[in-house]
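Number of protein chains: 2
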Amino acid sequence: MAYRRSALMQERLADNRERILAAARRRIAAQGYRGMQIAAVAAEAGMSTGMIYRYFRSKAELFVEALSAAIGQELKLLNAIADGPGSARQRLYAAVECFTRRALAGPGLAYAFIAEPAEAEVDAARIEVRQRLGDVIKRILRQGIDAGEFPPQDVDASAACIVGAYTEALIGPLAPRAERVKDRDRLTRAICDFCVRAVSAPADGRGRP
Amino acid sequence: MAYRRSALMQERLADNRERILAAARRRIAAQGYRGMQIAAVAAEAGMSTGMIYRYFRSKAELFVEALSAAIGQELKLLNAIADGPGSARQRLYAAVECFTRRALAGPGLAYAFIAEPAEAEVDAARIEVRQRLGDVIKRILRQGIDAGEFPPQDVDASAACIVGAYTEALIGPLAPRAERVKDRDRLTRAICDFCVRAVSAPADGRGRP
DNA sequence: GGAAGAAGTGAAGCGCGATTCATTTCTTGA
DNA sequence: TCAAGAAATGAATCGCGCTTCACTTCTTCC
Chain A
554 MAYRRSALMQ
564 ERLADNRERI
574 LAAARRRIAA
584 QGYRGMQIAA
594 VAAEAGMSTG
604 MIYRYFRSKA
614 ELFVEALSAA
624 IGQELKLLNA
634 IADGPGSARQ
644 RLYAAVECFT
654 RRALAGPGLA
664 YAFIAEPAEA
674 EVDAARIEVR
684 QRLGDVIKRI
694 LRQGIDAGEF
704 PPQDVDASAA
714 CIVGAYTEAL
724 IGPLAPRAER
734 VKDRDRLTRA
744 ICDFCVRAVS
754 APADGRGRP
Chain B
554 MAYRRSALMQ
564 ERLADNRERI
574 LAAARRRIAA
584 QGYRGMQIAA
594 VAAEAGMSTG
604 MIYRYFRSKA
614 ELFVEALSAA
624 IGQELKLLNA
634 IADGPGSARQ
644 RLYAAVECFT
654 RRALAGPGLA
664 YAFIAEPAEA
674 EVDAARIEVR
684 QRLGDVIKRI
694 LRQGIDAGEF
704 PPQDVDASAA
714 CIVGAYTEAL
724 IGPLAPRAER
734 VKDRDRLTRA
744 ICDFCVRAVS
754 APADGRGRP
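In the order they appear, the protein sequences are chains A and B.
In terms of our numbering, the first sequence opens at residue 554 and continues consecutively.
In terms of our numbering, the second sequence opens at residue 554 and continues consecutively.
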């Protein structure tokens, strides 16, 4: 034998992988999925297009991996909030606030994963992400119901509604070309209030008319 | 001159247009935007691909027109509810119920317009649709606030949240390949309750913790 | 019946961008 | 320094599906 990967080489390979992912993230943040052509990513990373395929099986795989890492961060934060101190209501508020604030602060990435169009394979990943976001919410809701803070309700539906509510409310502001939100705090507060009210008992008896 | 469109011919042309739109709707309902290839629509309508372009400038135009008609129906119903009798709460409940029920009854179409990925040109149309859905909700909310039924709130944000909530809650069940909903009524009720609670005053003072 | 012009056909053209692969350059261990 | 094998290159390939257009068929009117 006349070749074995040295530690140095190993490192360089891993580094290349990282550079590709970083380049992909940057392209996505700038232009969304549409802007993530393999050629563009390669150029951004300073390497040839063929190189990309040495590290990722396909474009879809690269996209999913790049965004999964990003969303993983968010999920970690949300889970910490769910498992942290405070009443269920406080934690729900904090979770929604955390997500919306960060989405508003770093636009592009969140939009790409939450709302942007892509291929079938990628779509599947997005649905999964939304479900995982819903799972965190569900945990908070169950705890709140057990503690008597929230009235009994269909937690699956409520969690989906909450995820839908804050993502939709963010899509306008996050969408490319949308004018900057004038007052982020105001929007964030409105969204959080909405979500908390939605799972709390109304002042006048049953919610149904 | 030796040719002028007869009434009969005129009719046949209009009929062709309708047949194309119907075929497109069917393809969309079955497979979403992805399934609406020009060739497939032409085959479904029993004509040649070239024919499509005699009636529609582009694929995007056909898609938008096909779905605008469908969503127009929905908007008409929703507007009637918004302008109809009953308390704001009742009307909000009815509007959400109307949309979700119909979406669940005729799956595919609603999903395509509300959640499915497409091209930039089509995306713009989708955003507009969502806004128009939000506008109806906004009207109901404003009336409810004026009447003292709902507490003061950011109606833009609340309306967006409501649209997001019910669409997201429907995506799971509506998404292609998702298993049939076991109990549609139950889901519908959960969504409606959620939305009404979300805009009503909570039992214990301010929504914020 | 036949000329003028419209409707209809569908295979070929085309643009786009992911993917491949023959070739070149670099690493390793002796 | 060298041979063996890995990594890297990027131009060529390929697939997909919208769109076009040269041609055929049908309508109308005299």
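Glycine is no exception: its CB is placed at the ideal position from the N, C-alpha and C atoms.
Coil, strand or helix - residue i by DSSP
| i | result |
| --- | --- |
| D707/A | coil |
| M589/B | coil |
| S621/A | helix |
| E702/A | coil |
| P729/B | Residue confidence is low: P729/B scores 41 on pLDDT, short of 50, so the model does not pin down where it sits. Its coordinate-derived value is still stated next. If DSSP states are grouped into helix, strand and coil, P729/B belongs with coil. |
| R750/B | helix |
| R579/B | helix |
| R607/A | helix |
| R558/A | coil |
| G599/A | coil |
| G717/A | helix |
| G639/A | coil |
Closest by C-alpha distance to residue i, when choosing among the options
| i | options | result |
| --- | --- | --- |
| G717/A | L631/A, L686/A, L574/A, G603/A | L686/A |
| A700/A | S753/A, I715/A, R654/A | S753/A |
| E627/A | M562/A, L566/A, V689/A, A710/A | V689/A |
| I573/B | R558/B, A598/B, Y719/B | A598/B |
| C745/A | G697/A, I680/A, A647/A | A647/A |
| L645/A | F703/A, E721/A, A583/A, I581/A | F703/A |
| L694/A | F652/B, R739/B, F747/B, K691/B | F747/B |
| D709/A | T720/B, A710/B, A743/B, A560/B | A743/B |
| S621/B | A641/B, I680/B, A560/B | I680/B |
| R683/B | F652/B, G697/B, D707/B | F652/B |
| G639/A | A560/A, Q696/A, D707/A | Q696/A |
| S601/A | N569/A, K629/A, I715/A, R654/A | N569/A |
| R655/A | A751/A, A560/A, D738/A, V749/A | D738/A |
| M589/B | E571/B, I698/B, A619/B | A619/B |
| S711/A | Q706/B, R565/B, V749/B | V749/B |
| E650/B | E564/B, I715/B, G603/B | I715/B |
Close-in-space but distant-in-sequence residues of the same chain around residue i (CB under 6 Å, 5 per side omitted)
| i | result |
| --- | --- |
| A713/B | G687 |
| F609/A | L615 |
| A722/A | I744 |
| L631/A | A648, V689 |
| A560/B | none |
| G603/B | none |
7 Å CB neighbourhood of residue i in its chain, flanking five on each side removed
| i | result |
| --- | --- |
| K612/B | I591 |
| G513/B | Shown here, chain B extends from 554 to 762; a query on residue 513/B therefore has no answer. |
| R607/B | none |
| R692/B | A635 |
| D707/A | none |
Contact set for residue i: own chain, Cβ-Cβ below 8 Å, skip 5 residues either direction
| i | result |
| --- | --- |
| V594/A | I573, A576, A577, R580, I605, L615 |
| A567/B | none |
| R642/B | G697, E702, F703, V749, S753 |
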